[in-house]
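Numbering (the numbering used here), first residue to last: 16 to 142.
Structure, as C-alpha cells:
Here it is in C-alpha cells:
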C-alpha cells in the first residue's frame with residue numbers, strides 16, 4: 016500500500032488515504048483506496064470509568080476508523096481517473112461527517128456499544 020494523501024481535519028484528526036490498487040489481468044486492475052483515521056480513546060467520552068477501561072483493554076489507546084473504496088476490472092488506462100472519482104465522491108459525502116467535533120467521541124462510543132451488543136466478537140482479546 017502507498018500513502019496518497021494526508022488531510023488534517025478540523026476536529027484535530029488526520030485522515031490518511033492509501034492506495035492498494037493492483038493488476039487483475041494484463042489490461043485491467045482493481046482500484047482500491049483505504050481511508051484510515053486514528054481516533055484516541057479518551058476517558059471523558061464515557062459516563063463510567065469501567066466502560067473506558069473496557070474499550071481501552073480491547074482496542075488500546077487508539078481505534079482506527081477504516082473505510083474501503085473499490086472498483087474491480089478497471090481498464091489500466093482509466094485507473095487514475097477512477098481512483099480520483101472514488102476519492103472525490105468519498106470526500107464530498109463523508110468529509111463533513113468525519114470533520115465534525117463530535118465524530119471522535121461518537122466513533123469511540125459506537126465501538127463500546129458494539130462490545131456490549133456483540134461480546135462474542137471480543138472474547139478472544141487478552142484481559
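Positions of the beta carbon are idealized from the N, C-alpha and C atoms, including for glycine.
All of these numbers come straight from a predicted model, not from anything done at the bench.
Please work out which residues of its chain come closer than 7 Å, Cβ to Cβ, to residue i, disregarding the five sequence neighbours upstream and downstream, and give them in chain order.
i: residue 23; result: 29
i: residue 77; result: 53, 54, 55, 56
i: residue 112; result: 118
i: residue 66; result: 127
i: residue 42; result: 90, 91
What does DSSP give as the partner residues of residue i in its beta bridges?
i: residue 38; result: 44
i: residue 6; result: The structure shown does not extend to residue 6, since the chain spans only 16 to 142, so no value can be given for it.
i: residue 89; result: 44
Return the residue from the list the options that minimises the CA-CA distance to residue i.
i: residue 125; options: 61, 65, 90; result: 61
i: residue 110; options: 40, 25, 19, 16; result: 25
i: residue 51; options: 135, 44, 79, 138; result: 79
Just to confirm the assignment, what range does the beta strand (DSSP E) spanning residue i have?
i: residue 25; result: Where residue 25 is concerned, there is no enclosing beta strand (DSSP E), given that its DSSP letter is neither H nor E.
Starting from residue i, trace the alpha helix (DSSP H) in both directions and tell me its first and last residue.
i: residue 119; result: 118-132
i: residue 96; result: 94-113
i: residue 56; result: Looking at the DSSP string, residue 56 is not in any alpha helix (DSSP H), and its letter there is neither H nor E.
i: residue 64; result: 64-74
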